[in-house]
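This report refers to the structure that appears directly beneath it.
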Amino acid sequence: ALLALVDRNLSHDPGNASVLSLKSSCLACLNRYTEARKCLDNLVQMYPEKLEFKRERCNILYNLHEHDACLANLAELLNVDMHDRSALILAGKCLMALDRNEEAVAYFDTVLSLNPDDVETLLIKANAVITINRFGEALDAYHRALSIQSGNVHALTGSGYALLGLYRTDEA
Numbered sequence: 011a012l013l014a015l016v017d018r019n020l021s022h023d024p025g026n027a028s029v030l031s032l033k034s035s036c037l038a039c040l041n042r043y044t045e046a047r048k049c050l051d052n053l054v055q056m057y058p059e060k061l062e063f064k065r066e067r068c069n070i071l072y073n074l075h076e077h078d079a080c081l082a083n084l085a086e087l088l089n090v091d092m093h094d095r096s097a098l099i100l101a102g103k104c105l106m107a108l109d110r111n112e113e114a115v116a117y118f119d120t121v122l123s124l125n126p127d128d129v130e131t132l133l134i135k136a137n138a139v140i141t142i143n144r145f146g147e148a149l150d151a152y153h154r155a156l157s158i159q160s161g162n163v164h165a166l167t168g169s170g171y172a173l174l175g176l177y178r179t180d181e182a
């Protein structure tokens, strides 16, 4: 129903950035990422200075598993703000999806250098380093996350995996 209302508004004003952005959000919520990408491509073309449209397009590209394209778009965002947390995390996730985990860790480390208490990034980094058999580093990240959020299920579970990787089965 909302999408029909949005389309009706666009029929009267096809260049309305707010309505186009709402349409792309609605389509993304419906997992219609290809259509959402078309809306965002139009928005980026019409408003190249609006970084929020470029950022949202990166999220859609990631969901479409177009990781190389996502990385190329993220590079532009990071050229504007090299400390953009969401862009750094998404770049790391793209690299992980491309099995370039060593490179991904560098992005997560950048985020953690800005905020060492970022539990989400600690967990993502731990997952990345586990895939490259750096279990001790993963365990450190999981323990750090647990020191911030003691009951975090992901950190507790991940700690068990890291301990198993370190052959410390009695502690797992």
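Just so we're aligned: the sequence shown equals residues 11 to 182 in my numbering. Beta carbons are placed, not taken as given, at the ideal position from N, Cα and C, and that holds for glycine.
| field | Beta carbon of A182 nearer than 8 Å to that of G170 | value | The answer is yes: Cβ separation under 8 Å.
| For L132, which residues of its own chain have a beta-carbon under 6 Å away from its beta-carbon, when the five flanking residues on both sides are left out? | Closer than 6 Å at Cβ, skipping near neighbours: A151, R154 and A155.
| request: Could you say which of S157, L176 and L100 lies nearest to I134 if we only look at CA atoms? | output: L100
| message | Rounded to the nearest angstrom, what separates L166 and D119 at their Cα positions? | response | Going from the Cα of L166 to the Cα of D119 covers about 21 Å.
| request: Can you tell me which of D128, I142 and A27 puts its alpha carbon nearest to the alpha carbon of R95? | output: D128
| What do you reckon, are the CB atoms on L15 and K33 nearer than 8 Å? | no
| alpha helix (DSSP H) runs wholly inside the stretch 11–84, at least 4 long, in chain order | 12–22, 27–39, 43–56 and 61–73
| query | Is it buried or exposed for M106, if we count other Cβ within 10 angstroms and need 16 for buried? | reply | buried
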